[in-house]
Structures are given as structure tokens and as C-alpha cells.
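Offset between the sequence shown (1-based) and the working numbering: plus 12. Heads up, the beta-carbon is just placed ideally off N, CA and C, and yes, glycines get one too. Predicted model only: the values in this text are computed from it and were never measured.
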Amino acid sequence: MELLYLLCSILSTAITSLFLSVLLPFRYFLRRIATPRAAGNPGNSVSLYQGTVWHERRRPVHHSFRYPVRYAFIDLDSSPHAPPNHLSANDARRVAKTHGPVFLLTIPPSVGYEQNPLSLYYCYDVEGSKRTLRKCIAEVTNTPWGERVTFLFNPNSDLVAKPLHVSPFMDMLGNWSVKTNDPADNLHVVISVQHPQLGNYFTASLTAKRLASLTAEDHSMFFWLMPHKVAFWIYWHMIFKYKEEHVIQQPKCRANAASLGGMPRGHGAELTSCYFQHSLVFLCSRTGWRYICHIAKPVFHQFCSALFMGSRNTLGSTFKFTYYGTTVNMNSTR
């Protein structure tokens, strides 16, 4: 079934992206011709970062890869339109119990498609003229299942009991160790897995540098097909590893984020929600013609909306092939 999930995810991503990639550029260039180009930059609400994501698994089989990425660092209090399917600034402050500005680090959607394995909210407190990073909120989405968990952590370094099945080659044992810096000219994010049998056997990192600001019209071109490239690298290395490693069936999201296998409970991080983002891929992978009937209508509606409706985000298209999403709030105890 895991292999079926993967194949259906690749197929649906390729088909929908192909149609939108061919048709949506015409709308983009027509809008640029019809609308006078704005001078200057869109303000300080968005910073652009370009860098590299690196993954390394050391046991039981050594495997590593890296790929280039581009991220937006968005001031949620100043941005004209908050990104869709994410927390607002007030929501983030309520979770983090902070009182200052909130910034979101994310990959914006491109031509109707979103692939965002990790988004981070940076929650600050302000004392006089000094701004201090107090807490961060992580949104982790697994591929190809499209499930999402949100948890709070201390940016300097923190542990959270692994709440989500993020790879068909990893079990649910152990903790995530998460840390990040206060983004300035340089950005660093590191996540490692601490496993009861394998030890610290997996590390993922993001290293990026801040770029000069672009005009609002150029944002969508800066992130052009960025989600598709991320999906390509994930799927490519999944296929590459299928012949080397045992596939672990997908378990349910861990609602209580309790530790397994004797590993200690994460000491500062806090699971806040588990978001089941049932995508077109997830439904198609459950065989049966009745699912096609359920999918056909929203696919047609989403396609028409992405093609003909105006964008409501300064970073480009906000449309996403996600249906039947539900949010379940989880109360974690320490």
C-alpha cells in the first residue's frame, strides 16, 4: 500500500502540475502586461532566502542527498494577505504565549501546487527596542500522505516525541531534536532523530542566505515551480531507496505524542495539533471507482479557480490541491 501511495502521488502531482504549468503562465503574463509595474519593493513584510536542504541517514544503510530551495520569511502582522492553510499571527501568539511580531518561514504555492515539508513560525517578544526570539512553532507535513502536525519548541534546542510518520523507511520510535537561529543574513534549521536502538541516525538541515528584495510581481517568478522541485527530490530518493530498505507501513498520527521504546519524553516541545490533509493523492490511492466520483468535482472546481480567479497572496497563487481537510486539536501533557 505504501508503494501505491507513492506511485499515485507522483502521477497526480505530475498531471495536475503539467496542466497548471502550461496554462497559468498565460494568465501571469497577461496580468503583467495589463497592470503597470510597481516601482520599488513590496516593503519589509517579506524576506527571501535561498539555500540548501541536506538529508543524511547513517543507519542501517548510509544515504544522503541535498537539493536547492527558496523560502519566504513573511511578517504575518504586516503582510497584506496571510498565506492560506497556515496559522495567523494571533493564532501563533496564542500558542507560543508571546506578545511580539510573528514571522512565517515557508515555501509559497506555485501554479496551483504546494509542497511544504516544513514551515516554521518565529514568535518574538519585544522589550523596549530589543526584539527577542522566544518560541518557534513547527508545521511538519509528510509526503505523500499529506498529514500535518504542529508543535511548539524552544529555538535554541528542544526535543519532541516523534508525532508523525514522515518516511516509509522510518518507524515511530524516538524523539526529534529541533533547533534554529534567529534569521538574519543567514538562516539555519537542524532536525535530528534520536532513536532507542539506532541512536542519532538521521539529520536534516536547512542552510540559507537572505537575498535582496524583489518587486511584488517578481515573487511568483522567484518561487516558480519551487514546490514541484521539492516534490521531485523527495519522490526520486524514495524510489531510489525502495530497493535498499524495508518499507514500514504508515501508522496513525500520534495524538498524545507520548514517547515509545523507552525514550524519554521531549522536555520542552509541545504537540498542538494533528492536521489530516487528505489530498487527491491520498484518496486516489484507496482503490475504487467511488473515490473518483468524490474527487472529480473538487478537482474541476480547483482547476477552474486556479486558472480564472485572481491571486490573493502577494507571493503568488494560493491554490492548493487539498480536499476534505479536518483539524483535530490535541492536548499534550508534560
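For residue 212, the enclosing beta strand (DSSP E) starts and ends at 211-223. Taking a C-beta distance under 8 Å as the contact criterion, residue 121 and residue 84 do not qualify as a contact pair. A residue is called buried when at least 16 other Cβ atoms come within 10 angstroms of its Cβ; residue 131 meets this threshold and is buried.
For residue 106, the enclosing alpha helix (DSSP H) begins and ends at 101-108. In the structure shown, the three-state DSSP call for residue 142 is strand. For residue 84, the enclosing beta strand (DSSP E) covers residues 75-87.
Within the stretch 179-203, the complete beta strand (DSSP E) runs of at least 3 residues fall at 187-192. Annotation: residue 203 to residue 88 spans about 24 Å, alpha carbon to alpha carbon. In this structure residue 148 is not in contact with residue 215, their Cβ atoms being roughly 18 Å apart against a cut-off of 8 Å. Just so you know, the alpha carbons of residue 90 and residue 57 end up roughly 5 Å apart. Taking each of 66, 64, 72 in turn and checking the Cα distance to residue 211, the smallest one comes out for 72.
By the C-beta density criterion, residue 189 is buried, having at least 16 other C-beta atoms within 10 angstroms. Cβ contact annotation for residue 70 (same chain, cutoff 6 Å, sequence separation greater than five): 213, in chain order. For residue 61, the uninterrupted beta strand (DSSP E) segment begins and ends at 58-69. If you draw a 10 Å sphere on the C-beta of residue 186, you find 16 or more other C-beta atoms in it, and that means buried. Taking every protein chain shown into account, the CB of residue 127 has 16 or more other CB atoms within 10 angstroms, so this residue is buried. Residues 88, 89, 114 of the same chain have their beta carbon placed closer than 6 Å to that of residue 101, with the five preceding and five following residues left out of the count. Burial state of residue 104 is buried, judged by a 10 Å Cβ sphere holding 16 or more other Cβ atoms. Per DSSP, residue 164 is one residue of the beta strand (DSSP E) stretching across 159-165. Cα atoms of residue 99 and residue 158: separation of roughly 17 Å, rounded to the nearest angstrom. Secondary structure of residue 207 (DSSP, three-state): strand. Closest in alpha carbon position to residue 224, among 245, 143, 196, is 196. In the three-state DSSP reduction, residue 132 falls in the strand class (E or B). The Cβ atoms of residue 239 and residue 133 lie no closer than 8 Å to each other. For the pair residue 78 and residue 61, the CB atoms are not nearer than the 8 Å cut-off.
Sequence-distant Cβ neighbours of residue 116 in its own chain, meaning closer than 7 Å and more than five residues away, are 86, 88, 95, 98, 131, 133.
For residue 118, the uninterrupted beta strand (DSSP E) run begins and ends at 114-118, by DSSP. Out of 23, 235, 137, the CA that lies nearest to the CA of residue 118 is found in 235. Nearest to residue 243 by alpha-carbon distance, out of 141, 59, 109, 155, is 155.
As the crow flies, the alpha-carbon of residue 237 is around 15 Å from that of residue 129. Here residue 222 has 59, 61, 197 as same chain residues with Cβ atoms under 6 Å from its own Cβ, once five neighbours each way along the sequence are excluded.
Per DSSP, residue 176 lies in no beta strand (DSSP E) and is assigned neither H nor E.
Within the same chain, and ignoring the five residues on either side of residue 137 in sequence, the residues whose Cβ sits closer than 7 Å to its Cβ are 110, 111, 112, 144, 146. Beta-bridge pairing by DSSP links residue 150 to 132, 163. With a 10 Å radius around the Cβ and a threshold of 16 neighbouring Cβ atoms, residue 76 comes out exposed.
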